[in-house]
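Single-structure report; data block below.
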Amino acid sequence: MAAKRRFTPAQQAAVDDRGGTLLISAAAGSGKTSVLTARVVALLCDEQCPRDPQSMLIVTFTHAAAAEMKQRIYQGLADKIAKDPQNAFLRRQQALVGRADICTIHAFCLRLIREQFSSLGLRRDFSLCDDAQARLLKKETVARLLDEKYERAEPGFLALSEQIDAQRSDHKLGEVVLGLHDFFVSHPYPEHWCRQMLAAFAASGEDFSASPWGIQLCQSAAALCEDLLQTVDRMRRQSAEDGVLYAALDDLFSQDAAQVRTVWQAARSGDVEALRQSLLQLGFARFTAPKGYADDPLKKQLQQDRDKLKKALKDFLQKRLPRSLEQHAQDVEAQLPVLRQMYDLVLEFDAQLTAEKRAQNLLEFSDLEQMALRLCTVRDGDTIRQSDWGEKLAADIDFIMVDEYQDTNDAQDALFLALSKNGGNLFMVGDVKQSIYRFRQARPEIFMQKKRAFSPYDGVHYPALINLDRNFRSSRDVTETVNFFFSRLMSLQVGEVDYRDGEALVCAGGYDKFDLDTATEVALIDCSDPAAPKPVAGQAQQSLFGAPPKEDPPPCEETRTPDEQEADWVAARIAQMVQDGFLVRDGDEVRPARYGDFAVLLRSVKGKAGTYIRRMKLAGVPAAGEGSQGFLTQKEVVMVKNLLGVLKNPKNDLALTGCMLSPIFGFTPGELAAIRAGAPPAPEGARQSFYSMVLCCRGQKKVDDFLSLTEHFRRLSDLLSARELIERIYDATDLPAIVGQLSQGRVRQENLKLLLTYAQQFGQSGSARDFLAYLERIEEQKGDLKGAQGPGGEDAVSVLSIHRSKGLEFPVCFVCDLGHLYNLSDIQGRWLLSPALGFSLYRRREHFLQHSTLCHEAARLQQKASTISEEMRILYVAMTRAKQKLILTMHSTDPQNWLLRRHRAGTSPYAVSESRCFGDCVLSALADCSGADSLFAGLGVVSQWQKRCGFGLVANSCRAPQPPQPESASHQAQPAAPDAALVAQLKQQLAYRYPLAALGQVPAKVSVSQLAKGRSTRLNTRPVFTYQGGLTPVQRGNALHKFMQYCSYHRAAADPAAEIARLRAEAYLHPQEADSIEPASVAAFFASDIGAEILACQTLYRELDFFTAVDSGEIDPASAGLGAQVLIQGVADCVLDRGDGLWIIDYKTDRVKAADQLAERYRTQLEVYTRGIGELLGKPVTRRVLYSFYLGQSVDV
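What follows is the structure, encoded as structure tokens:
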């Protein structure tokens, strides 16, 4: 596409225009790199208005992309020179290309910082730490900061800590600080962002509807109502299939639609209180079917769908709008100090982290952006303007061209603006549909804001938008498949782009002139029990690339996991295509496919890529790519780590044996056993290291060679840096050649090179000992380093993640494991982080009671929408990697049920936002396509509203074939006769019994209730959603305990029913819990002597936590006398401090005939209470009382 005549008008405009700022919205395969290259070459070759390469800033996403861009520009100039060899101007321009700023944003920022290091307070020789080193430094810094804060015991901090993770650990609080700090540093002048978040939160208490949280709730409610209106419409159409049902239910559905429309109008108005009132006023008429339709399947389906509709609205009210605006204002007032403490903590962490990095003379990547911003800009109130130095720098830059602009963050966007001439010389290229790096704080909203604000290109008005929609990569079936799915799945609400608004791909791949198989395939692998009855009797399973079998094969026990079955299907399909001579396009010709023409793309390679590679190799299909094993656990890296560990401490038995058994030294397990057997016994009671045993074997050549070489390396380790020492190890042991002979040898060799790079990045003078400690700290923090990627090549299938596949293309793409669930764990908790709405959490009230807030629920909805939008874009990237043919696969242990659910779900924005995986979306979209009839056949749901798809499609549910079995050995080796002496020795050793084995059955900590009654405490309560069936006796007892914990004693004594109602209204008690409490029992308690003592007491404690320790023999007599202790944890219902002593009062709801039964049953429990509470409060316990609410009397114990 380098030649002008091949450019489309839109592409040519992007190459030639010089009028002002342009935003190029370039769809997948639209030739954006060629356009960008051609624009640069055209600028450099313009002799009428010559441009110095050094006056251009060309920013790419990766170093590899920058190198490719530079090479393309150089080649473009070479092509021009070839046509005019005597042109000195072109030769000069080509010679200067090497000086041009064609780099990543971080490389450009680094250059600026090195030029101005002194003004930033840096030393000239600062180093840039890698991601792993930065993560480690951050975790150590936050741990140190939290320790300091706990030592100072500041009330505000302790309140924050309790809200995040009360009485457990500071691990979660550290996670919040690190996560919020990631958002923090992605903004220009991040401390200002913190102030903005706090100000917006405070303002939401006064006008919630106008706040971003209120807007989010209204938008979510509107999307829900739009989906429910479609549901009502679908129910009406389905009922029309039966005239009797239609006549009976049409008015009912009309009423439902009117009510939903009322809620929708309230949501669209943006008034949260109006929305809440419209939901509160809902009242649905009863679903009444005509006579004789009680068991009618259509009636049942309609009734189920209507019940789901009512439940969706009820859930939105109860879960998303749990508080009134008046209560919200109270929540804001209570939570504002907590949020202020959180943001202050992040600022303090940032200051300490910065100080630590300065002390170590380090910078991380986010520092580069922030420091470059501070060089180029100054903040003036709420605006950012160019600094004097920034003005001078911008004057030297004529053109700023940025690739992959959809993946920029706020800080980068502000920096590009600061480097420009008032925003007038920017050329930004990207595709918001391919923004898949939100986890790196990418903000696709920036691209979309510009896209909406810029004028359509006309050559006059600027800034302007140019759309590149022609796809030059893929076949028509691939582009139409992509258009089919994403016109249904991607919207402003989900995907953050309206796919139907000029975003569809226009096929220009040139495949139409070839007679090739380009039809899209969808395979749902049936992993149900083959011996189970079929859902539809007599219906045979289909084969995706063959006719249905005449008879089902006899069921056999399935030992493969569902993942393995899907991988086996993929392997069999690839093998069949290669064996059948499947043809692929290669330029202007066609040829039989090779394994390297295939790619398997996975949403997550962890635990999956290795499975696919193994199963394909088992089927005889060569495969390579990303494994699930981390870099630090790769065999070749472990070899080096073990050797470094031996140099550091030869008495480290694990490192020593691993090193000796590695291919470097080649010892066998038998040889190590011989070394151990030949060593003299250690003195009684002394531990003998394996290294001392090795030293005893001096004189054996293999041992001497090992000791000599490790001693040589040990001496070098005191003189050389980590990189230099590892290079010497490679040279002396020929390790790269050794690992090159292992499986995936080239990848392993690349990993060894990477290890050298990491050692170099660790520090020029860093010792091997320190480098090894650094790697060990990374592993302790459950981190890792990035490993080498194994290319598939012509002889192997590429197995890689979708993220890693971005920018690549393959003739045949398998997008697999579509049933992999989205990771929504971040939005499930009582606190969460949102890039747009900052930090939110539950409000904690007295007595440890917590409840959600409107802001928290809005942030939950926003974060979920962002996550699902990102997933849709990831799926788009995966599908657009295919050049000729796309194959989608997923598996299910209950495919019929999955298909039925997805057929009913639909593809409205709300329905897509409620999906759990790619497979949900794909199947819901296919339910609207007549080409997928065979997939949904047998469900009884294929309807007249299906549309024909405009592409070739083969979709079926099928079983995975069994992989070929390895041939069994022709004969079995005869076992050797056992060694009698060795057998006797083994029996003696195996007869050993650990003297403290009894403690293995004793828990380290038990609750008082477990100690007394052998069962769990009342803290393990039943989930609220199961209350519909009524409370169990234990739960009724728990409800009464909760009442006594939270009630006002004096109010309860005066009017028990009113106090029960108050606790119910304030959500201390669930409605069914409140109903289970008898006011008369409460009144009798406060009328008793014990009740009077409680009302009169000046100092008392409710639900008093305590810990004490007992000998393990009290828990398990078998462990008596072993000197071990067990921690006992308890909670006393009520403790009265009488000045001279303590009274313990415990409430009981057991149904007994006499109070003496309670005394005997709980005597042990109260004895533990006496010990623990007496130790805690430092006073003697003078009275212990059980009060029976069942009997209405007390008993002293």
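Number 1196 in UniProt numbering belongs to position 1196 of the sequence shown; there are no gaps in the numbering.
Just so you know, even glycine gets a beta-carbon here, dropped at the ideal spot from N, CA and C.
These figures come from a predicted structure and were not determined experimentally.
In whole angstroms, give me the CA-to-CA distance for residue i and residue j.
i, j, result
"Ala567", "Arg804", "20 Å"
"Leu298", "Arg236", "12 Å"
"Arg1163", "Val1006", "17 Å"
"Gln301", "Pro964", "44 Å"
"Ile24", "Met428", "6 Å"
"Thr880", "Thr141", "42 Å"
"Gln230", "Ser798", "42 Å"
"Phe284", "Gln255", "8 Å"
"Trp213", "Ala442", "21 Å"
"Leu280", "Gly838", "30 Å"
"Arg6", "Asp431", "22 Å"
"Leu353", "Ala1053", "56 Å"
"Pro1180", "Tyr822", "56 Å"
"Glu727", "Val739", "15 Å"
Helix, strand or coil for residue i per DSSP?
i, result
"Pro456", "strand"
"Asp1196", "strand"
"Asn467", "strand"
"Pro1117", "helix"
"Ser1081", "helix"
"Gly620", "coil"
"Thr37", "helix"
"Lys786", "coil"
"Phe439", "helix"
"Ser528", "coil"
"Gln94", "helix"
"Ser1007", "strand"
"Lys883", "strand"
"Arg1184", "strand"
Span of the beta strand (DSSP E) holding residue i?
i, result
"Gly625", "Ala623 to Gly625"
"Val429", "Leu426 to Gly430"
"Leu1136", "Gln1125 to Asp1137"
"Val402", "Phe399 to Val402"
"Val815", "Phe810 to Val815"
For residue i, count neighbouring Cβ atoms within 10 angstroms of its own Cβ and tell me buried if that reaches 16, exposed if not.
i, result
"Lys1153", "exposed"
"Glu480", "buried"
"His461", "exposed"
"Gly1141", "exposed"
"His509", "In the sequence on display, residue 509 carries Gly and not His. Classification for Gly509: buried."
"Phe706", "buried"
"Thr657", "buried"
"Asp949", "The sequence given here places Cys at residue 949; Asp does not occur at that position. Buried, because 16 or more other Cβ atoms sit within 10 Å of the Cβ of Cys949."
"Tyr876", "buried"
"Glu780", "exposed"
"Ser1112", "buried"
"Ser118", "exposed"
"Gln884", "buried"
"Asp46", "exposed"
"Cys49", "exposed"
Got a sec, what are the start and stop residues for the alpha helix (DSSP H) residue i sits in?
i, result
"Met197", "Pro190 to Ser204"
"Arg714", "Lys701 to Ser717"
"Ser475", "Note, Ser475: premise wrong, no alpha helix (DSSP H); not H, not E."
Query raised in the report: Just checking, does the region 360-373 make contact with the region 106-113 on the three C-beta pairs under 8 Å criterion?
Result: Short answer: they touch.
Query raised in the report: Are there three or more Cβ pairs, one per stretch, closer than 8 Å when the region 661-681 is compared with the region 691-699?
Result: Short answer: they touch.
Query - Sufficient close CB pairs (3 or more, under 8 Å) joining the region 218-229 to the region 256-265 - result: Remark: three or more beta-carbon pairs, one from each stretch, lie closer than 8 Å, so the region 218-229 and the region 256-265 are flagged as touching.
Query raised in the report: Between the region 1071-1079 and the region 1029-1046, are three or more C-beta pairs nearer than 8 Å?
Result: In this structure the region 1071-1079 lies against the region 1029-1046, because at least three pairs of beta carbons, one per stretch, are closer than 8 Å.
Report task. Say whether the region 861-874 touches the region 824-840, bearing in mind that this needs 3 or more beta-carbon pairs closer than 8 Å, one atom from each stretch. Result -> Enough Cβ pairs lie closer than 8 Å, so yes.
Query raised in the report: Taking three-plus beta-carbon pairs below 8 Å as touching, is the region 433-449 in contact with the region 98-108?
Result: Contact fails: fewer than three Cβ-Cβ distances are below 8 Å.
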